[in-house]
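One structure below.
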Amino acid sequence: MFLRMIRGALFRQRGRRLMIMATVALGASVATAMLSVMFGVGDKVSQELKAYGANIVVRPKGAAVIQDLYNFKQEQKQQSYLQESSLGHIKTIFWTYNILDFAPLLDADAQVQGKNVRVVGTWFNKHMDLPSGEKFDTGLQHLRGWWKLSGSWPKSGDNAGAIVGAKVAAAEGIKVGDFLTVTKDGHTAKVQTRAIVKTGGEEDQQVYTDISVAQGLLQKPGAVGQVEVSALTTPDNELAKKAAKDPKSLSISEKETWYCTAYVSSIAYQIEEAIPDSVARPVRAVAQSEGIILEKTQLLMVLVTILSMAGSALAIANLVTANVMERAREIGLLKALGARDRAVVGLLLTEIVLIGLIGGVGGYVAGIGLAQLIGHLVFGSAITVIPAVAGIVAALVLLVVVGGSIPAMRFLLKLRPTEVLHGR
Numbered sequence: 021m022f023l024r025m026i027r028g029a030l031f032r033q034r035g036r037r038l039m040i041m042a043t044v045a046l047g048a049s050v051a052t053a054m055l056s057v058m059f060g061v062g063d064k065v066s067q068e069l070k071a072y073g074a075n076i077v078v079r080p081k082g083a084a085v086i087q088d089l090y091n092f093k094q095e096q097k098q099q100s101y102l103q104e105s106s107l108g109h110i111k112t113i114f115w116t117y118n119i120l121d122f123a124p125l126l127d128a129d130a131q132v133q134g135k136n137v138r139v140v141g142t143w144f145n146k147h148m149d150l151p152s153g154e155k156f157d158t159g160l161q162h163l164r165g166w167w168k169l170s171g172s173w174p175k176s177g178d179n180a181g182a183i184v185g186a187k188v189a190a191a192e193g194i195k196v197g198d199f200l201t202v203t204k205d206g207h208t209a210k211v212q213t214r215a216i217v218k219t220g221g222e223e224d225q226q227v228y229t230d231i232s233v234a235q236g237l238l239q240k241p242g243a244v245g246q247v248e249v250s251a252l253t254t255p256d257n258e259l260a261k262k263a264a265k266d267p268k269s270l271s272i273s274e275k276e277t278w279y280c281t282a283y284v285s286s287i288a289y290q291i292e293e294a295i296p297d298s299v300a301r302p303v304r305a306v307a308q309s310e311g312i313i314l315e316k317t318q319l320l321m322v323l324v325t326i327l328s329m330a331g332s333a334l335a336i337a338n339l340v341t342a343n344v345m346e347r348a349r350e351i352g353l354l355k356a357l358g359a360r361d362r363a364v365v366g367l368l369l370t371e372i373v374l375i376g377l378i379g380g381v382g383g384y385v386a387g388i389g390l391a392q393l394i395g396h397l398v399f400g401s402a403i404t405v406i407p408a409v410a411g412i413v414a415a416l417v418l419l420v421v422v423g424g425s426i427p428a429m430r431f432l433l434k435l436r437p438t439e440v441l442h443g444r
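In the numbering used here, the protein residues as written are 21 to 444.
Structure follows, in structure tokens:
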């Protein structure tokens, strides 16, 4: 009898039922889209921010201490170097797939066309065959993809290519394609200008060459002054901050959690383990900015979800109350025939919950599609579908449907059969 009454109620007042269903579907679709983006936005936002620079700098252990104390940049004061041959070890750490790009830098104060200029040796485009069998392309072009160039990046294997800072080019009248003579302490190299860069920063006053050119000028084969690393990281929490101060202060369980989570300090620690006599330190300004942006983005998603579900609850409250008022005669008759308030409330709640779940399923499917649309429009890639979102949305739909029905249930409990049925 109960099921027959439910089935009959679902097919009566179809317009009202469809409106409730559509309201739930709309709220569920927005909630699904926002939650899916929120759970998947961390890596997306972090990867987008990586286009603007490195978040870890690796330096020789001895040079790092002196540079921190005196904050110097002159290459002649640097006595210790990393080895270029060891840089591939960066891609052997536990979080190897989180290492997006890296590039070595080696400074040399030299003369370009007879003028004193800072020459920076680097990898523009480097193809690496790693011991693991993985192929990896990295270099300054990947790390500084936001640079505005007049010309083109030197290609892989182009040891004679150079990128000239805009101020140097303007002062010396250098154009793309011009050959330059670079000298230092009697050592000479010839390079050709592939591009002119303008960033508004110190890069405008420098000349970038292949790292072999800087090594030749310094007479230090295989030397690397520092390495800039761009890694995909997890925002810091209290554990990460504690580990950043002193990893030895962590308990065994804390260290396992920290080591196996992609915190910037954890990845830096693992890089130090991989490269002999190195110090890897996070660029705190970049790392903290990533965390702040990510937290605010996720907070925005949560607020939109809450507001959408609150709006759905209000709409459902109005629709269900109107539905109960229209069915006052039917409800009064049920009560007059002996139905208890609990049974009547259970009947109506079952109807509304079933309608809400149908709308919730439709909203979930639409929300997944909306999340993919947001992913492609904003990040240029799909958003990963996380099964937990389905459970969260189901709980939210149930909460909204039941919560939105409370005013109607209160009205129902106050109905008196004698008053409703009088004169009918």
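Ideal Cβ placement from N, Cα and C applies to all residues, glycine included.
On a predicted model such as this, the values are computed, not experimentally measured, just so you know.
{"Check": "On the criterion of 16 or more Cβ atoms from any shown chain inside 10 Å, does glutamate 371 qualify as buried, or is it exposed?", "Outcome": "buried"}
{"Check": "With distance defined between alpha-carbon atoms, name the residue in Thr43, Gly60, Met39 nearest to isoleucine 388.", "Outcome": "Gly60"}
{"Check": "Using a 10 Å radius around the Cβ and a threshold of 16 neighbouring Cβ atoms, would you call arginine 430 buried or exposed?", "Outcome": "exposed"}
{"Check": "Any idea what DSSP makes of arginine 138, helix, strand or coil?", "Outcome": "strand"}
{"Check": "Taking the alpha-carbon positions, what's the aspartate 149 to valine 405 distance?", "Outcome": "33 Å"}
{"Check": "Rounded to whole angstroms, what is the Cα-Cα separation between glycine 153 and alanine 215?", "Outcome": "33 Å"}
{"Check": "Would the beta-carbon of alanine 18 fall within 8 Å of that of glycine 423?", "Outcome": "A question about residue 18 goes unanswered here, because the residues of the chain that appear run from 21 up to 444."}
{"Check": "Is the Cβ-Cβ distance between lysine 204 and alanine 128 less than 8 Å?", "Outcome": "yes"}
{"Check": "Helix or strand or just coil, what does DSSP make of serine 170?", "Outcome": "strand"}
{"Check": "Do the CB positions of lysine 262 and serine 269 come within less than 8 Å of each other?", "Outcome": "yes"}
{"Check": "Just reading off the alpha helix (DSSP H) that glutamine 235 is part of, what are its end residues?", "Outcome": "231-238"}
{"Check": "Are the CB atoms of alanine 391 and valine 139 nearer to each other than 8 Å?", "Outcome": "no"}
{"Check": "DSSP on glycine 181, reduced to helix/strand/coil?", "Outcome": "strand"}
{"Check": "Determine the direct distance from the alpha carbon of valine 196 to that of threonine 208, and round the result to whole angstroms.", "Outcome": "21 Å"}
{"Check": "Is arginine 360 buried or exposed, if buried means 16 or more other CB atoms sit within 10 Å of its CB?", "Outcome": "exposed"}
{"Check": "Is it buried or exposed, asparagine 257, if we count other Cβ atoms within 10 angstroms and call 16 or more buried?", "Outcome": "exposed"}
{"Check": "State buried or exposed for phenylalanine 465, treating a residue as buried only when at least 16 other CB atoms are found within 10 Å of its CB.", "Outcome": "Since the first and last residues shown for the chain are 21 and 444, residue 465 lies out of range."}
{"Check": "Tell me which same chain residues have a C-beta within less than 7 Å of the C-beta of methionine 54, skipping the five on either side of it?", "Outcome": "Met321, Val324, Thr325"}
{"Check": "In the region 202-289, which residue ranges form an unbroken beta strand (DSSP E) of at least 3 residues, counting only runs that do not cross its ends?", "Outcome": "207-218, 226-230, 246-251"}
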